[in-house]
Amino acid sequence: MNLQIFGTKKCKDTKKAQLFFQERRVNFQFINLQEKEMSKGELRSILGSVSLDDLVDTESKVYEDKNLKYMLYDKEEALLENPLLFKTPIVRDGKRATIGFVPDVWKQWILESKK
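115 is the number that UniProt numbering gives the last residue of the sequence shown; the numbers go up by one with no jumps.
This is the structure:
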């Protein structure tokens, strides 16, 4: 497995995702979206599994501060420019990705990687 967890240190679900993989001794790379932006290639890879609409956190402070609710905007561009606009955690294993805390999917990934 080549696992990446995109999130923030303050996000409870991101912490739970990290703990989930640590408890199962699965190595992962944590990308703190407060410090590092997601690359266009990483975003495109994630979009193979997840819709662009699902990635935008409409409850986030960035969404509210930029009044995105009332605007037409390029979602991909907005996410790349404002990494705190992503719903987190985003867990990516190669071309597979999930948003939020979804341990049932991750357990399946782990099982598949052991075959």
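Backbone N, C-alpha and C fix where the C-beta goes; we use that ideal spot for every residue, glycine too. Note that the structure is predicted; figures quoted are calculated from it, not measured.
Hey, is the stretch 79 to 93 in contact with the stretch 11 to 19, meaning 3+ C-beta pairs nearer than 8 angstroms? When Cβ pairs closer than 8 angstroms are counted between the two stretches, the stretch 79 to 93 is seen to touch the stretch 11 to 19, the count reaching three or more.
Contact set for residue 97: own chain, Cβ-Cβ below 8 angstroms, skip 5 residues either direction: For residue 97, the CB contacts under 8 angstroms within the same chain, skipping 5 residues up- and downstream, are 45, 46, 48, 49, 50, 90 and 91 in chain order.
Given a cut-off of 7 angstroms, decide if residue 68 and residue 28 are closer than it, judged by their beta-carbon atoms. Taking 7 angstroms as the Cβ cut-off, residue 28 and residue 68 do not qualify as a contacting pair.
Based on the DSSP output, what are the partners of residue 44 in its beta bridges? Bridge partners of residue 44: none, in fact.
Grab me the residues of residue 13's own chain with a C-beta within less than 7 angstroms of its C-beta, minus the 5 sequence neighbours each way, in chain order. The residues are 88, 89, 100 and 101.
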